[in-house]
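What follows is one structure encoded as structure tokens, with my remarks underneath.
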Amino acid sequence: MAETTTFEAGAFTAQGTARERVRLPETLFDGTVNMPVMHQAVKAFLANQRQGNAATKTRGFVTGGNQKPWKQKGTGRARQGSTRAPHWVGGGTVFGPSPRAYDEYVPRQVRALARKSAFNARALENAIYVIDQFNYDAPRTKALLGLVDRLGVGDRKVLVLTDGVKPNVFLSGRNLPNVHVMPYSDVSTYHLLWSDVVLIEGPAIGHTLSPITEEPLPVPPRRATPAATAAVSGRKSAAKKAAAKAPAAKKKSAAKRSVKKSAKAETKSAGAKKSATKKSAAKKAAPKKKG
395 MAETTTFEAG AFTAQGTARE RVRLPETLFD GTVNMPVMHQ AVKAFLANQR QGNAATKTRG
455 FVTGGNQKPW KQKGTGRARQ GSTRAPHWVG GGTVFGPSPR AYDEYVPRQV RALARKSAFN
515 ARALENAIYV IDQFNYDAPR TKALLGLVDR LGVGDRKVLV LTDGVKPNVF LSGRNLPNVH
575 VMPYSDVSTY HLLWSDVVLI EGPAIGHTLS PITEEPLPVP PRRATPAATA AVSGRKSAAK
635 KAAAKAPAAK KKSAAKRSVK KSAKAETKSA GAKKSATKKS AAKKAAPKKK G
């Protein structure tokens, strides 16, 4: 009789607290890894994602070209029958792409074998972890990011398989580029081979783990990226420059005001002098009254 292979996986809570290891179901995790079947399933999956909208026009679909450009003989040039022939600029395309379907069909049993092989490939790498239960009352990316960091897989591609559709868990991981959340029943061979680590919710594979009491752990701060640090330093330098420029700007504005006031005073005094001279000239020019 063939020896049966059993696998165990590490179990954790939704906060990342370690629990006792659990045995993976033998019906799925039996050590079978069929590479050709996985290749066929992944190739069909990628082909089915294509839309096949590329299209070109042959000479029959290009507008114009119905009239012979010049007569057959007597011009000295080569004979031509249409200006939409393939060798003309603006002519039709020969053997160009046309809309088509790239669909590939893989039998159901072959798909199941490929999926099973992908699970076993990750189990052989000890890249499968069991999470007792995801109970998110609201979407929170920080909580899922903290779980991934506490498991030590923050720099790897993580596939989270939930027990059924859980929108809060999906929304929590939607903004994380290396985390993909989907129901366990919808996972395909492509998604399993895309990931480096697979987190499976316990009830999805028949493990109902009793909850344990644990204190909420502080979520570690996110590592600062070079772009973020550069932006922060740029803001600080800009603030320092603005603070240094403020006193100089105040002095300049005060000097401008004083110059304007002095100019106004000078214009007023000049205007007063002119009016006084005009009045005195008018008095002298006025004739004296006879007594």
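Position in the sequence shown (from 1) plus 394 gives the number in this note's numbering. C-beta: ideal position from N, C-alpha, C; glycine also. Here the structure is a predicted model, which is why all the values come from computation and not from measurement.
Notebook entry, point to check: Taking the Cβ atom as the reference point for each residue, do D590 and K551 lie within a distance shorter than 9 Å?
Noted result: Walking along the sequence shown from the start, residue 590 turns up at place 196. Walking along the sequence shown from the start, residue 551 turns up at place 157. Yes, the pair counts as a contact, with Cβ atoms nearer than the cut-off.
Notebook entry, point to check: Would Q434 be called buried (16 or more neighbouring beta carbons within 10 Å of its own) or exposed?
Noted result: For the purposes of this step, residue 434 is taken as the residue at position 40 of the sequence shown. With 16 or more other Cβ atoms inside 10 Å of its own Cβ, Q434 counts as buried.
Item checked: Neighbour-count burial assignment, N460, 16 or more Cβ in a 10 Å radius -> Your numbering for residue 460 matches position 66 in the sequence shown. With fewer than 16 Cβ atoms within 10 Å of its Cβ, N460 is classed as exposed.
Checklist line | Buried/exposed call for A495, threshold 16 Cβ in 10 Å | finding: By 1-based counting over the sequence shown, the position of residue 495 is 101. Exposed, by the Cβ-count rule.
Note to self: For M719, tell me which candidate among V653, T623, F513 and L603 has the shortest Cα-Cα distance.
What the structure shows: The chain is shown from 395 up to 685; residue 719 falls before or after that span and cannot be answered.
Check: Counting Cβ pairs, one atom from each stretch, are 3 or more of them under 8 Å apart for the segment 529-549 and the segment 475-490?
Finding: With a cut-off of 8 Å, the segment 475-490 and the segment 529-549 do not count as touching, because too few Cβ pairs lie within range.
Item checked: V573 to M432 span [Cα, whole Å] -> Counting from 1 along the sequence shown, the entry for residue 573 is found at position 179. Counting from 1 along the sequence shown, the entry for residue 432 is found at position 38. When the Cα atoms are used, V573 and M432 turn out to be separated by approximately 22 Å.
Margin query: I believe A368 touches D557 by the beta-carbon criterion, under 8 Å. Please report the beta-carbon distance rounded to the nearest angstrom.
Written below: Nothing about residue 368 can be reported from this structure: the residues present for the chain run from 395 to 685 only.
Check: What's the gap between the Cα of R505 and the Cα of G475?
Finding: Along the sequence shown, read from residue 1 onward, the residue named residue 505 stands at position 111. Along the sequence shown, read from residue 1 onward, the residue named residue 475 stands at position 81. CA-to-CA, the gap between R505 and G475 works out to about 54 Å.
Next item on the list: Would you mind working out which of G596, Y584, A657 and L418 sits nearest L507, comparing C-alpha positions?
Entry: Translated into positions along the sequence shown, residue 507 becomes position 113. Scanning G596, Y584, A657 and L418 for the CA closest to the CA of L507 turns up Y584.
Checklist line | Range of the contiguous beta strand (DSSP E) that encloses T450 | finding: As a working note, residue 450 is residue 56 in the sequence shown. Neither: T450 is in no beta strand (DSSP E) and is coded neither H nor E.
Note to self: My assumption, with CB atoms under 8 Å, is that A405 sits in contact with D549. Please give the rounded CB distance.
What the structure shows: If you number the sequence shown from 1, residue 405 lands on position 11. If you number the sequence shown from 1, residue 549 lands on position 155. Not confirmed; about 22 Å, so no contact.
Notebook entry, point to check: What beta strand (DSSP E) runs, 3 residues minimum, are completely inside the segment 542-614?
Noted result: As far as the segment 542-614 is concerned, its whole beta strand (DSSP E) runs of at least 3 residues are 552-556, 573-577 and 591-595.
Margin query: Tell me the rounded alpha-carbon separation between V559 and T607.
Written below: As a working note, residue 559 is residue 165 in the sequence shown. As a working note, residue 607 is residue 213 in the sequence shown. Each residue's alpha carbon lies about 25 Å from the other.
Checklist line | CA-to-CA distance, Q445 to T698, given in whole angstroms | finding: In the structure displayed, the chain extends from 395 to 685; residue 698 sits before or after that span and is not available.
Check: Hey, how far is the Cα of P419 from the Cα of G600?
Finding: Here residue 419 corresponds to residue number 25 of the sequence shown, with the count starting at 1. Here residue 600 corresponds to residue number 206 of the sequence shown, with the count starting at 1. The straight-line gap from Cα to Cα measures roughly 8 Å.
Next item on the list: Look at the alpha carbon of G685 and the alpha carbon of K658, and state the distance between them as a whole number of angstroms.
Entry: On the sequence shown, residue 685 is found 291 positions in, with the first residue counted as 1. On the sequence shown, residue 658 is found 264 positions in, with the first residue counted as 1. A caution first: G685 carries a pLDDT of 42, below 50, which makes its placement in the model unreliable, though a value can still be read off. Between the C-alpha atoms of G685 and K658 there is a straight-line separation of about 46 Å.
Item checked: beta strand (DSSP E) runs wholly inside the segment 460-497, at least 3 long, in chain order -> Counting only runs of 3 or more, we get nothing.
Item checked: Best match in A438, V653 and E519 for proximity to R502 [C-alpha to C-alpha] -> If you number the sequence shown from 1, residue 502 lands on position 108. Cα-wise, what sits closest to R502 is A438.
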